[in-house]
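Working notes, beginning with the structure itself.
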Amino acid sequence: MRTVDCPGVGAVSALGFGCASLGSRISEKAGRAAIDAALDAGITWFDVAPSYGDGKAERILGDALRGTTAHIVTKAGLIAGRRNPLKAAIGAVARPIVAAIPALRPLVKKLRPDAARRLPLDAETLRISLLQSLERLGRTELAVFALHEPSLDDVRNEAVIRVTNDLRAEGLVARIAIAGSPEIFAAALKAGLPADTLQTAHSPFDKGLASAPADAFTISHSVFGVAGALDKLKRVAPDRLTAAGFPDAASALLTYAFAANPNGVVLASSYAPGHLAANAQAASVPPDTTALSRLESLLT
Ligand SMILES: NC(=O)c1ccc[n+]([C@@H]2O[C@H](COP(=O)([O-])OP(=O)(O)OC[C@H]3O[C@@H](n4cnc5c(N)ncnc54)[C@H](OP(=O)(O)O)[C@@H]3O)[C@@H](O)[C@H]2O)c1
Numbered sequence: 026m027r028t029v030d031c032p033g034v035g036a037v038s039a040l041g042f043g044c045a046s047l048g049s050r051i052s053e054k055a056g057r058a059a060i061d062a063a064l065d066a067g068i069t070w071f072d073v074a075p076s077y078g079d080g081k082a083e084r085i086l087g088d089a090l091r092g093t094t095a096h097i098v099t100k101a102g103l104i105a106g107r108r109n110p111l112k113a114a115i116g117a118v119a120r121p122i123v124a125a126i127p128a129l130r131p132l133v134k135k136l137r138p139d140a141a142r143r144l145p146l147d148a149e150t151l152r153i154s155l156l157q158s159l160e161r162l163g164r165t166e167l168a169v170f171a172l173h174e175p176s177l178d179d180v181r182n183e184a185v186i187r188v189t190n191d192l193r194a195e196g197l198v199a200r201i202a203i204a205g206s207p208e209i210f211a212a213a214l215k216a217g218l219p220a221d222t223l224q225t226a227h228s229p230f231d232k233g234l235a236s237a238p239a240d241a242f243t244i245s246h247s248v249f250g251v252a253g254a255l256d257k258l259k260r261v262a263p264d265r266l267t268a269a270g271f272p273d274a275a276s277a278l279l280t281y282a283f284a285a286n287p288n289g290v291v292l293a294s295s296y297a298p299g300h301l302a303a304n305a306q307a308a309s310v311p312p313d314t315t316a317l318s319r320l321e322s323l324l325t
């Protein structure tokens, strides 16, 4: 596994393990197995949030990483939606059945908890959220604490600027991130917020890193998912991809992701063993910057 230097944290794996589905789409047992496999593959960077896995991801991740020196990013600003206990019980029974019969998926969607809820990103909430995350994760300090999709007002709030400085000075976190757009990151810097890390989406279809400042540590996500990059790239004829030097759409997006963020961490959801193997392999070779123009020229 290639490593990158994250100042104040150390050498960290270029591939990060995304925990958004840990405890929801992915059961605790399967998640623990995937985290063990990720550690074996050399991944030392894990990305989580209080809202992930319907509110269960931080505890599962903390248990799985106990006794390791793996680095953790968590966030504040979103918490899991409310969950009806009866629906939760039915959902747990139905999940393996639906895995075998995908046509039943719409039924299970109705059993999902409400959407994640926003918390006000004020100074008190930030501090309480971090302390609660530390407790669930079983840690006394974290690599990165991120403001989860903050607004312009949030990053300009003087009390928020003060508390983020304090949390770092108290040694609870090494770095402060904006998990959001580069525009909000720029506004945060201008307002004096001590953000030194930008976490944002980056793919050929959504280039969040394009305007990232050169001195920020960058974490990118949405290589395949949310914005539908993999589905979009699959519309390109396979022979055109092959002619451009990419065996398939997924490997094109992976090569592109590491080339676009050569000195930072690329996050991926890697629960399927085949996905972990492919993602770890792509993170083990030097970034190939020719992939940027090779892929972009196919899309114009
Ligand atoms: N605001 C934020 O800070 C923010 C926003 C979005 C995401 N994130 C973080 O980024 C992590 C990743 O989320 P994402 O949205 O970027 O998802 P993603 O990594 O693009 O994954 C989306 C889907 O692609 C699949 N996949 C993974 N590797 C693959 C491969 N080599 N070939 C084909 N398919 C593959 C995954 O499957 P399996 O998982 O089943 O293997 C998953 O179902 C999240 O877990 C979260 O930690 C942060």
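Count along the sequence shown from 1, add 25, and you get the number used in our numbering.
Glycine residues also receive a C-beta, built at the ideal position from the N, C-alpha and C atoms.
Candidates the options: closest to residue i by CA position
i: residue 181; options: 163, 208 and 262; result: 208
i: residue 230; options: 253, 88, 77 and 300; result: 253
i: residue 315; options: 278, 299 and 301; result: 278
i: residue 222; options: 272, 236 and 169; result: 169
i: residue 38; options: 63, 61 and 70; result: 70
i: residue 151; options: 119, 99 and 309; result: 99
i: residue 107; options: 126, 130 and 139; result: 139
i: residue 89; options: 238, 128, 195 and 53; result: 53
i: residue 28; options: 322, 299, 250 and 283; result: 283
i: residue 26; options: 109, 33, 40 and 34; result: 40
i: residue 293; options: 265, 309, 250 and 266; result: 250
i: residue 80; options: 61, 94, 92 and 50; result: 50
Whole-angstrom C-beta distance between residue j and residue i, which should lie under 8 Å
i: residue 218; j: residue 185; result: 7 Å
i: residue 73; j: residue 31; result: With 8 Å as the limit, residue 73 and residue 31 do not qualify as a contact, their Cβ atoms being about 17 Å apart.
i: residue 234; j: residue 285; result: 6 Å
i: residue 305; j: residue 67; result: 7 Å
i: residue 158; j: residue 83; result: 6 Å
i: residue 97; j: residue 167; result: 5 Å
i: residue 220; j: residue 203; result: 5 Å
i: residue 42; j: residue 58; result: Actually they are not in contact, since the Cβ atoms of residue 42 and residue 58 sit about 13 Å apart, beyond 8 Å.
Chain-order list of residues whose beta-carbon lies under 6 Å from that of residue i (same chain, five-residue window excluded)
i: residue 56; result: 47 and 85
i: residue 263; result: none
i: residue 320; result: 229, 277 and 281
i: residue 227; result: 233, 234, 245 and 285
Strand pairing of residue i, partner residues [DSSP]
i: residue 100; result: 171
i: residue 72; result: 43 and 98
i: residue 244; result: 224 and 290
i: residue 66; result: BP columns for residue 66 are empty, so no partner.
Beta-carbon proximity list for residue i, same chain, < 8 Å, skipping 5 on both sides
i: residue 303; result: 275, 276 and 279
i: residue 103; result: 74, 75, 76, 141, 142, 143, 144, 173 and 174
i: residue 164; result: 87 and 97
Own chain residues within Cβ distance below 7 Å of residue i, not counting five before or after
i: residue 270; result: 319
Report yes or no: do the region 239-259 and the region 283-298 share at least 3 C-beta pairs separated by less than 8 Å?
-> yes
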